[in-house]
Every structure is written in structure tokens, then in C-alpha cells.
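Chains as they are written, first to last, in our numbering: chain L, 269 to 334; chain E, 1250 to 1384. We put the beta carbon where it would ideally sit given N, CA and C, even for glycine. Quick caveat, the model's predicted, so the values are computed rather than measured.
So, in C-alpha cells, the structure goes:
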């Protein structure tokens, strides 16, 4: 499965993922963890354990700390 | 490695921190990103953390709105700021554990001991490196 992944503020990636890949796998493919970033589909965050069902996603690196 | 932060923006960050105390406040710095980075605008955001006295977080949808607003203005994201209402100026272990923007500036406003001090650090993907702030 080919997926275009735009990391906001960090460039675009063309990913080749397994057919059963999850959105968590998308993050791993661009070197980010679920703690650091969230995948957006149609501008809404999607759970990292959900199977990828689109050919284009955006990744938002989170802004948080303490 | 320097962060150029005009005095008016510096004062705006302190004012935001004081308004929000005792909770932490958070926002995004926009302008020209590089070496050095220059701040031309500051965007306040709502702290969506479950425990805002000790944590800060911008909700993903709100963050998306801010980032798109900055891009539409033809500016770069320069970094982020948050406050430590009672804590020290330095980044906390939580700050380091959750930082996700390598090469970007993380400004902290500390209100400890009744004062208002600012410091800036670049996230180097594993550690924070302090950078000077100049007007």
C-alpha cells in the first residue's frame, strides 16, 4: 500500500506500507512515536491502532510538556 | 544558534504567563526559522492538558489551526513557549520526554519566586541545548 504522508512543518514522505498497516505504523515509518505525534485524516486525529484506509495522511508533531 | 525575540513579544509572553497562573500557558512562535531564528509573531493557544498546573498541551485540532494560520501568513514556525508558574526556568524531564520538534526553539517563562525570567532551548532530538535570546 502506497501512502503519501505530510509531516506538518517537516516535509512529505512517500511510504510503502503492508496491507494491514495501522496509523501507528505510519508514525513509525517517519520516525515518530505515538507520544510525539498524531496522524490526521481529513484534519481529524485517528487512533494509532486503526488500519490505514486512505492514501494520504498528515502527521502533526504534538506540542506538549510540563 | 540564537533566538531573536523583540522586547514587545518578550513582554507578551510574560503577560500571558502571569494571566494564566497558577496554570501553565502555551503558545506558538512564528517568524523566520533558522540559525538564528527570529520571532515576528506570537500565537496564544489554550492549554488542553488534563492537569494544567503541571502540564501543557495544545489539542491537535487547535494546533492544526494555528499552524495553518502561520503558513497562510507566509511565516515559519519558529518554536513554542510555555510557562512554569512555580517551577525553575530549565526544561523539565517531562519537557524533554515529550518534545517532538528537533531544531525548534522551546521558550520557557518562569514565574518562580515572584519574578519573570525567560530562557530558550533548541530541541536536539534527545536533549535541549540552551540558546541566547537577543532583541
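- For residue 1310/E, the closest C-alpha among the options 1296/E, 1301/E, 1273/E is that of 1296/E.
- Contact annotation: residue 1274/E and residue 1265/E have beta-carbon atoms nearer than 7 Å.
- Among the residues of chain E, those whose CB is under 7 Å from the CB of residue 304/L are 1349, following chain order.
- Just measuring C-alpha positions, the residue of 1340/E, 1348/E, 1305/E sitting nearest residue 1366/E is 1340/E.
- Under the 8 Å Cβ criterion, the region 281-295 of chain L does not count as touching the region 1253-1272 of chain E, having fewer than three qualifying pairs.
- Taking 7 Å as the threshold, the shortest C-beta distance from residue 1319/E to chain L does not fall below it.
- Relative to residue 1371/E, the option among 1294/E, 1363/E, 1384/E, 1354/E whose CA is nearest is 1354/E.
- If you check the CB distance, residue 1283/E and residue 1289/E do not come in under 7 Å.
- In the DSSP assignment, residue 332/L is bridged to 1306/E.
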